[in-house]
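There are 2 protein chains.
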Amino acid sequence: MKFEPIKTEKVYEKVIEQIKDMIYNGELRRGDKLPSERALKKQLNVSRASIREAFSALEMIGLIESRPGRGTFIKEQADKNLLEPLSLVLLLEDDVASELLEVRKVIETDCVRMAAKRIDDEELEFLRSVLKKMKSKSGFEDESIELDRDFHYSVARAAKNKVLFYLMTSIMDAMDFHIKYTRTKLVSKEETMNEFTIHHEKIFKAIESGDSEKAIEEMNNHLKYVEKLINREIEG
Amino acid sequence: MKFEPIKTEKVYEKVIEQIKDMIYNGELRRGDKLPSERALKKQLNVSRASIREAFSALEMIGLIESRPGRGTFIKEQADKNLLEPLSLVLLLEDDVASELLEVRKVIETDCVRMAAKRIDDEELEFLRSVLKKMKSKSGFEDESIELDRDFHYSVARAAKNKVLFYLMTSIMDAMDFHIKYTRTKLVSKEETMNEFTIHHEKIFKAIESGDSEKAIEEMNNHLKYVEKLINREIEG
DNA sequence: TAATATATGATGGTCTGACCATCATCTCTC
DNA sequence: GAGAGATGATGGTCAGACCATCATATATTA
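One line per chain: the protein sequences are A and B, in this order.
Under the working numbering, the first sequence has 176 at position 176, and the numbering climbs by one with no breaks.
Under the working numbering, the second sequence has 300 at position 64, and the numbering climbs by one with no breaks.
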């Protein structure tokens with residue numbers, strides 16, 4: 001005998017299901033306005049509370065956005081921290097920092113390989129400008145972190161694969177969350193930043209010349225260096 | 237002049253923030269019971285509706301689980317479809333199927349490389365049993381899909397990196413969602429399944445002998461084959 | 001006494017109705 | 001015609017109610 005598990009789907013889950021379907025069918029697109037909560041309440045014959053529970057869940061994952069007085073809309077652009085949920089769940093895992101770094105290594109290796117093949121002039125120019133700023137302004141914590149992030153994100157973007165880009169940014173975010181204190185300490189050292197800048201330049205040169213293998217090598221060097229610093233910081 | 241954006245954080249977001257902090261501080265762990273909605277309502281001095289909006293969001297991302305009559309708990313095990321949110325947001329993107337496949341290729345390549353180095357006897361035995369079943373039972377749609385999934389998931393698990401495993405399963409889920417009809421068609425052909433089984437065996441042998449390079453090669457062959465099938469199916 | 005049946009209370013799930021702040025729009029006034 | 005003010009729609013929040021489910025305590029029964 002085989003019993004089917006009885007799933008008592010909650011009302012707000014059914015609401016989500018319907019919205020999901022509408023997106024899947026193309027009835028809802030980026031920037032579209034959803035019916036108002038009160039309108040949906042009538043259409044779906046449920047309470048406004050259930051609608052709002054569905055909306056808050058969808059807002060959390062970055063699919064929709066509610067603007068008071070205006071309405072609720074499908075997000076125009078996916079957030080950077082699209083996978084903040086992932087970071088949260090990772091909080092429950094032990095020993096996740098080292099795993100994150102390992103994943104970042106493999107993902108970013110892929111990014112840089114693809115970027116070397118696919119980057120266009122505009123993105124090259126942007127990377128160049130980031131590098132320039134890095135060289136001139138070493139020292140200020142916040143800005144240094146921003147520039148470092150810019151560099152790596154831009155490389156990921158140049159890989160021309162949105163899914164990979166999402167993953168990459170999410171991993172970075174999750175790492176930041178897990179080692180935030182460590183990271184700040186690291187990047188605030190001028191010596192470290194100088195070393196970073198040298199690495200970044202090497203990576204950039206390899207990408208610029210379309211040399212995937214070289215780019216991978218330089219990226220691996222860089223990330224090994226990062227790993228070493230993090231471990232030294234954590235353990236010592 | 238630089239203005240700070242005024243963020244009017246909603247109540248339910250503040251609730252989430254507090255729970256997040258408690259997890260970060262280790263006050264909440266796997267399986268722990270959260271205070272009841274009515275208790276939280278008093279403690280945080282907000283309405284039950286706001287608590288429930290927060291909970292539904294956290295439940296959506298797989299962090300908590302509400303059991304009627306019992307209470308609300310931090311999830312014991314992270315769901316497989318941890319990144320269903322990702323799948324949803326990807327629905328808004330165009331041309332995402334090919335990108336997903338590309339990402340799956342790079343992720344799974346990494347998985348198989350690491351698996352070849354880290355797999356233990358138990359997992360080897362499980363993979364063996366999956367292969368055995370595949371050989372004996374080719375034909376039934378649902379079961380074939382299950383076995384295929386089992387194989388790839390097990391390889392990912394053997395890589396001994398939970399984050400990578402989450403990503404891998406999520407990519408697979410997202411792919412399934414985007415090409416579900418195609419997938420069913422593919423796997424239902426006996427010829428395809430036989431080919432798959434041969435590929436899987438080669439991959440398994442490479443992993444078994446700890447040969448990363450060989451494993452990567454065989455996995456790439458397999459995924460190229462999959463890609464070819466999908467494109468043929470999609471394009472006509 | 002021990003097993004069973006029942007009642008109680010706590011919990012999540014849902015609904016209703018209300019009030020507020022924000023925003024777009026219409027309308028009135030000058 | 002331009003600006004000011006009123007109006008209505010919208011999301012944000014709250015309070016209170018009722019239900020089904022479940023664990024526990026209590027009462028009943030063998």
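C-beta atoms are modelled at their ideal positions from N, C-alpha and C, and glycine is treated no differently.
A quick note: this is a predicted structure, and the numbers were derived from the prediction, not measured.
- By a beta-carbon distance limit of 8 Å, A:Val-163 contacts B:Leu-336. Their separation comes to about 6 Å.
- Under DSSP, the beta-bridge partners assigned to A:Thr-72 are A:Ser-66.
- Taking a Cβ-Cβ threshold of 9 Å, none of the residues of chain B is close to A:Gly-71; the smallest such distance is about 16 Å.
- Judged by DSSP in its simplified three-state form, A:Lys-160 adopts coil rather than helix or strand.
- With its beta carbon at least 8 Å from every one in chain B, A:Asp-32 lies outside the interface.
- Between B:Met-296 and chain A, the shortest Cβ-Cβ separation is below 8 Å.
- Per DSSP, B:Asp-356 is not a residue of any alpha helix (DSSP H), being assigned neither H nor E.
- The three-state secondary structure of A:Lys-228, taken from DSSP, is helix.
- In the structure shown, A:Lys-202 adopts helical secondary structure according to DSSP, grouped into three states.
- Listed by position along chain B, the residues whose Cβ is nearer than 7 Å to that of A:Ile-207 form an empty set, because the closest Cβ is around 17 Å away.
- DSSP places B:Val-251 inside the alpha helix (DSSP H), whose first and last residues are 247–260.
- Around A:Ile-23, the beta-carbon contacts reaching into chain B at under 7 Å are Leu-327 and Leu-328.
- Close CB contacts of A:Ser-87 within its chain, under the 7 Å cut and outside five residues either way in sequence, are with Asp-173, Ala-174 and Phe-177 (chain order).
- B:Lys-341 carries a helical assignment under DSSP once its states are collapsed to helix, strand and coil.
- Contact between A:Val-96 and B:Ala-314 is absent: CB atoms are separated by about 11 Å, not below the 8 Å threshold.
- Within chain A, the residues placing a beta-carbon under 8 Å from that of B:Ile-310 are Leu-92, ordered along the chain.
- Looking at the DSSP output, A:Lys-33 bridges to A:Phe-73.
- Segment contact: the stretch 287–304 of chain B against the stretch 244–260 of chain B, three or more CB-CB distances shorter than 8 Å; contact assigned.
- Straight across, the Cα-Cα distance linking B:Asp-356 with B:Glu-463 is about 30 Å.
- The three-state reading of DSSP puts A:Lys-189 in coil, since its state is none of H, G, I, E or B.
- For B:Val-325, the enclosing alpha helix (DSSP H) begins and ends at 320–326.
- Taking C-beta atoms as the reference points, A:Phe-73 and A:Leu-34 count as a pair closer than 8 Å.
- Any Cβ of chain A closer than 8 Å to the Cβ of B:Ala-293 would place that residue at the interface, and such an atom is present.
- A:His-200 is positioned such that its CB atom lies closer than 8 Å to that of A:Phe-151.
- Neighbours of A:Val-15 in chain B, taken as residues at a C-beta separation under 8 Å, are lacking, since the least C-beta distance is about 10 Å.
- The three-state reading of DSSP puts B:Ala-314 in coil, since its state is none of H, G, I, E or B.
- B:Gly-446 has its alpha-carbon roughly 13 Å from the corresponding atom of B:Glu-359.
- A:Arg-52 reaches chain B at Ala-285 and Glu-289, counting residues in chain order whose Cβ is nearer than 8 Å.
- Selection B:Phe-291, B:Tyr-402 and B:Pro-304 evaluated against A:Thr-8 yields B:Pro-304 as nearest (Cα-Cα).
- Around B:Val-348, no beta-carbon contact reaches into chain A at under 8 Å, the shortest distance being about 12 Å.
- By a beta-carbon distance limit of 8 Å, B:Met-404 does not contact B:Ala-394. Their separation comes to about 11 Å.
- Burial is judged here by how many other beta carbons sit within 10 angstroms of a residue's own beta carbon; A:Lys-224 has fewer than 16 and is exposed.
- Under the Cβ distance rule, B:Ala-314 counts among the residues neighbouring chain A, one pair being separated by less than 8 Å.
- In this structure B:Glu-454 touches B:Ile-439 by the C-beta definition: roughly 5 Å separates them, less than 8 Å.
- Separation of the CB atoms of B:Tyr-260 and A:Leu-91 is rounded to 6 Å, and the pair is thereby assigned contact status at 8 Å.
- Residues of the same chain with a CB within less than 8 Å of the CB of A:Gly-71, apart from the 5 flanking positions on each side, are Lys-33, Leu-34 and Ser-36 in chain order.
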